[in-house]
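What follows is a short report on a single structure.
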Amino acid sequence: MSDQHRLDAPDPDEQRGQRHTAGAFDIRNFIGALLGLYGLILLVMGIFGDQSLQKTGGVNANLWAGIVLLAMSAFFFVWARIKPIIVPAHVEPVDDDAARPAPKRRPSGD
Amino acid sequence: MHALAGLPTADALISAKPVDYVIIALYFVFVLGIGVMARRAVSDSIDFFLSGRSLPAWVTGLAFISANLGAVEIMGMSANGAELGISTVHYFWVGAIPAMLFLGVVMMPFYYGSKVRSVPEFMFRRFGTGAHLVNAISFAVAQLLIAGVNLYLLGSIVHALLGWPLWVALLVAAAIVLSYITLGGLSAAIYNEVLQFFVIVAALLPLTLIGLHRVGGYQGLKDKVTEFATSAPASAGVPPAEQQLHSWPGQALSGFDSPFWSVVGIVFGLGFVLSFGYWTTNFVEVQRAMASNSMSAARKTPIIGSFAKMFVPFIVIIPGMVAAVLVKEIGELKAGGTPPGGASGEGVKYNDSLLLLMRDILPNGLLGVAIAGLLAAFMAGMAANISAFNTVFSYDLWQRYIRKDHSDDYYLRIGRLATVGATVIAIFTATIASSFSNVMDYLQSLFGFFNAPLFATFILGMFWKRMTATAGWVGLSAGTLSAVLVSFLSEDGFGSASLGVIPLSGQGAAFVAASAAFVVDIVLSVGVSLVTEPKTSAELRGLVYSETPSEELVDPEERTMPWYRRTLPLAGISLGLVIILNFLF
Chain A
18 MSDQHRLDAP
28 DPDEQRGQRH
38 TAGAFDIRNF
48 IGALLGLYGL
58 ILLVMGIFGD
68 QSLQKTGGVN
78 ANLWAGIVLL
88 AMSAFFFVWA
98 RIKPIIVPAH
108 VEPVDDDAAR
118 PAPKRRPSGD
Chain B
313 MHALAGLPTA
323 DALISAKPVD
333 YVIIALYFVF
343 VLGIGVMARR
353 AVSDSIDFFL
363 SGRSLPAWVT
373 GLAFISANLG
383 AVEIMGMSAN
393 GAELGISTVH
403 YFWVGAIPAM
413 LFLGVVMMPF
423 YYGSKVRSVP
433 EFMFRRFGTG
443 AHLVNAISFA
453 VAQLLIAGVN
463 LYLLGSIVHA
473 LLGWPLWVAL
483 LVAAAIVLSY
493 ITLGGLSAAI
503 YNEVLQFFVI
513 VAALLPLTLI
523 GLHRVGGYQG
533 LKDKVTEFAT
543 SAPASAGVPP
553 AEQQLHSWPG
563 QALSGFDSPF
573 WSVVGIVFGL
583 GFVLSFGYWT
593 TNFVEVQRAM
603 ASNSMSAARK
613 TPIIGSFAKM
623 FVPFIVIIPG
633 MVAAVLVKEI
643 GELKAGGTPP
653 GGASGEGVKY
663 NDSLLLLMRD
673 ILPNGLLGVA
683 IAGLLAAFMA
693 GMAANISAFN
703 TVFSYDLWQR
713 YIRKDHSDDY
723 YLRIGRLATV
733 GATVIAIFTA
743 TIASSFSNVM
753 DYLQSLFGFF
763 NAPLFATFIL
773 GMFWKRMTAT
783 AGWVGLSAGT
793 LSAVLVSFLS
803 EDGFGSASLG
813 VIPLSGQGAA
823 FVAASAAFVV
833 DIVLSVGVSL
843 VTEPKTSAEL
853 RGLVYSETPS
863 EELVDPEERT
873 MPWYRRTLPL
883 AGISLGLVII
893 LNFLF
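Here the protein sequences come in this chain order: A and B.
Our numbering puts the first residue of the first sequence at 18, with every later residue one more than the last.
Our numbering puts the first residue of the second sequence at 313, with every later residue one more than the last.
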């Protein structure tokens with residue numbers, strides 16, 4: 018769903034092989050990693066740990082939650098791999114407007 | 313945990329095991345990691361304050377929900393669910409969703425298209441200094457106080473769950489929020505909100521499912537609620553099962569005797585005035601959409617958020633209802649008793665519903681995820697308050713009225729300092745909240761009163777070019793004052809300070825106060841506009857509907873997208889779903 022894909026025109030930066038991710042890194046990998054770690058811990062708890070069946074009403078809740086979390090984790094990793102976020106090197110700066118005291122953009126060489 | 317062994321600790325409400333601590337610690341590693349990673353991306357103040365306007369719609373949409381999914385939402389709505397039952401869903405399906413769709417479809421083009429960096433700045437461009445100052449200052453003060461409430465709740469949860477003393481919990485929580493916002497600014501706050509959203513769902517969904525399993529499914533829950541309502545002593549004032557299990561006409565929620573006026577109060581007071589006021593003018597929310605990468609993404613932010621929002625009641629209200637029939641203490645409380653214990657140590661309250669349910673039904677492991685989820689929610693709330701505060705403080709107060717025309721680096725530095733300042737102040741407001749928790753509730757409802765007139769002023773200002781600058785601040789001030797007046801005249805709007813002249817109490821009184829503010833604001837704004845000088849058409853371009861060319865209000869790229877990525881079809885689907893949900897419950 019990343020809207021950056023609308024840039025159909027060949028981008029000179031992309032042709033040079035420079036790829037920039039939006040905002041420095043892809044949050045989907047972070048979500049995938051955290052949910053994956055949680056999934057693993059719960060899975061291990063569900064298999065080897067105290068299942069507290071009297072609390073949950075007879076369901077091995079850790080096991081099931083662990084499986085679902087691992088699946089979610091895989092989903093985020095796959096999504097991030099299939100549709101990586103690519104933005105152009107130069108995002109159009111916000112127009113300065115005479116009606117407000119705008120911040121002076123730093124002269125930037127990059 | 314053992315580093316704090318030297319400190320006096322209270323008995324923990326929940327017995328967490330090492331595996332739970334590992335899960336909680338992992339969460340904090342990720343939160344700080346995101347702060348550090350986001351820092352690399354922050355090169356100027358637009359990056360810091362508006363995330364460089366670079367985020368895709370699903371990220372800002374989930375952040376939009378998460379920013380609001382704080383302590384008040386999770387603890388408050390589950391408490392409402394335990395006490396009043398299913399009619400609490402009106403806060404979501406009549407309150408939030410229509411307002412979010414309206415924000416995306418109608419109002420966002422003006423916010424995003426005019427390239428303002430904050431809601432008060434829009435106020436400035438449309439109405440000038442008077443309305444801007446009222447809005448910017450009241451917003452900044454409100455955020456500091458609400459951040460304090462969130463921090464206090466965060467601290468008290470840590471206190472209740474882990475047994476740390478409240479002041480240690482407050483400082484640790486504040487330090488974590490502070491570090492990731494100062495490092496990464498809004499990007500870090502937003503990315504963390506997205507992460508938080510999934511952790512919150514991972515925490516609450518198993519709680520809901522296991523809870524429902526324990527009471528025998530949804531049918532079992534209904535049976536138990538009915539049984540409870542009929543067997544409870546009349547003195548406890550338990551709403552009849554009929555009212556607890558059906559959303560309409562919602563007398564349990566509004567407190568009105570007449571079903572007709574209850575529906576009117578909920579639709580107009582809660583649905584229209586309070587919720588539209590909150591969702592469409594609250595910069596905490598709107599800021600998330602402003603950080604998106606295109607007009608189309610900005611408009612889709614609240615709409616994508618609405619799909620997540622409409623299912624939040626299932627994982628917040630249902631566990632509350634389950635707690636009322638499954639958790640011994642909550643049942644006693646609802647039947648009119650005063651069970652001892654609870655998170656505060658001063659007796660169980662409805663706010664403890666989720667915590668006690670977690671204690672009763674979650675195995676260790678999932679318990680850690682649930683605690684991480686609650687901590688995530690409270691940090692999300694506080695981080696959202698603080699990141700919105702530092703934008704308004706830096707741009708709308710400092711830059712406009714105190715130090716103009718400095719370098720961008722300068723304002724970035726001010727923003728970071730404002731974050732530190734706000735966090736320190738929040739620690740103080742949190743200690744105020746801990747000693748006068750009722751006062752803070754009333755203050756929060758007081759700030760709620762700014763939203764209803766703000767919405768009236770915005771909507772009139774966006775669609776009526778004749779509306780003048782004077783009308784802007786007069787309407788806003790008078791609207792707020794009339795809401796305060798109604799609350800004072802009601803039975804308990806300000807607790808014992810209220811006079812009881814108007815026979816209204818509880819959430820119904822808030823609906824009426826907000827409605828009064830809205831009507832007074834509209835009437836006065838129209839009256840004042842007719843006798844003062846309006847702005848010229850050229851000044852109103854991009855700010856008023858009739859003066860803005862229609863192509864500036866839509867994203868030209870959107871026509872090339874498939875239907876499921878366009879604003880209007882998505883909004884239509886969301887509206888349809890929420891209507892179906894209203895019929896089902």
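Using N, Cα and C, we set each Cβ at its ideal position, and we do this for glycine too.
According to DSSP, residue i sits in a beta bridge with which residue or residues?
i, result
"B/Leu367", "B/Ser604"
"B/Ser912", "Absent from the structure is residue 912 of chain B, since the part of chain B shown begins at 313 and ends at 897."
Here's a check: name, in chain order, each residue in its chain whose Cβ is nearer than 7 Å to the Cβ of residue i, leaving out the five neighbours to either side.
i, result
"B/Lys536", "Val527 and Val637"
"B/Ser618", "Ile409, Met412, Leu413 and Ser886"
"B/Ala764", "Val585, Leu586, Gly589, Gly791, Ala795, Ala826, Ala829 and Phe830"
"B/Ser559", "Ile398, Ser399, Val401, His402, Asn894 and Phe897"
"B/Leu495", "Gly347, Val348, Ala350 and Arg351"
Shorter than 9 Å from the beta carbon of residue i to some beta carbon of chain B?
i, result
"A/Val76", "yes"
"A/Ile99", "no"
Residues in its own chain within less than 6 Å of residue i by CB, not counting five upstream and five downstream?
i, result
"B/His471", "Leu478 and Ala481"
"B/Phe895", "none"
"B/Ala515", "Val681, Ala682 and Gly685"
"B/Tyr339", "Ala684"
"A/Phe94", "Gly49"
"B/Phe588", "Ala411 and Phe767"
"B/Gly562", "Ser399, His402, Ser574 and Ile578"
Quick check: what's the CA-CA separation for residue i versus residue j?
i, j, result
"B/Ser543", "B/Pro552", "11 Å"
"B/Pro868", "B/Ser606", "10 Å"
"B/Leu582", "A/Leu60", "43 Å"
"B/Thr538", "B/Glu554", "8 Å"
"B/Met633", "B/Ile398", "8 Å"
"A/Gly66", "A/Val76", "14 Å"
"B/Gly425", "B/His444", "19 Å"
"B/Thr441", "B/Asn447", "10 Å"
"A/Ala50", "B/Ser570", "52 Å"
"B/Gly884", "B/Phe761", "30 Å"
"B/Tyr492", "B/Ala501", "7 Å"
"B/Leu865", "B/His718", "32 Å"
"B/Gly407", "A/Ile64", "43 Å"
"B/Pro846", "B/Ala375", "38 Å"
"B/Thr613", "B/Ser706", "25 Å"
"B/Tyr662", "B/Arg877", "41 Å"
"B/Gly787", "B/Met389", "32 Å"
"B/Thr879", "B/Ala647", "47 Å"
"B/Gly659", "B/Ala601", "41 Å"
"B/Ser566", "B/Lys534", "21 Å"
State yes or no: is the C-beta of residue i nearer than 8 Å to some heavy atom of the ligand PLP?
i, result
"B/Val628", "No copy of the ligand PLP occurs in the structure displayed, which carries no ligand at all."
So, does the CB of residue i fall closer than 9 Å to a CB anywhere in chain A?
i, result
"B/His525", "yes"
"B/Ala514", "yes"
"B/Val461", "no"
"B/Pro518", "yes"
"B/Ile346", "yes"
"B/Tyr339", "yes"
"B/Phe510", "yes"
"B/Val506", "yes"
"B/Gly677", "yes"
"B/Pro881", "no"
"B/Phe342", "yes"
"B/Val639", "no"
"B/Tyr503", "yes"
Take residue i and list the residues in its own chain whose beta-carbon comes closer than 8 Å to its own, dropping the five residues that flank it on each side.
i, result
"A/Gly40", "Note that A/Gly40 has pLDDT 37, beneath the 50 cutoff, so the model's placement of it is unreliable and the number below is only indicative. Nothing meets the Cβ criterion."
"B/Gly523", "Ile630, Pro631, Val634, Ala635, Leu638, Leu669 and Ile673"
"B/Phe775", "Val856, Tyr857 and Ser858"
Interface residues of the stretch 81-99 of chain A facing chain B [CB-CB below 9 Å]: Trp81, Ala82, Gly83, Val85, Leu86, Met89 and Phe93
Residues within the stretch 716-730 of chain B neighbouring chain A, beta-carbon criterion of under 9 Å: Lys716, Asp717, His718, Ser719, Asp720, Asp721, Tyr722, Tyr723 and Leu724
Contacting positions in the stretch 657-675 of chain B - beta carbon closer than 8 Å to chain A: Asp672, Ile673, Leu674 and Pro675
Interface residues of the stretch 780-803 of chain B facing chain A [CB-CB below 9 Å]: none
Interface positions of the stretch 829-853 of chain B facing chain A (Cβ-Cβ less than 7 Å), listed along the chain: none
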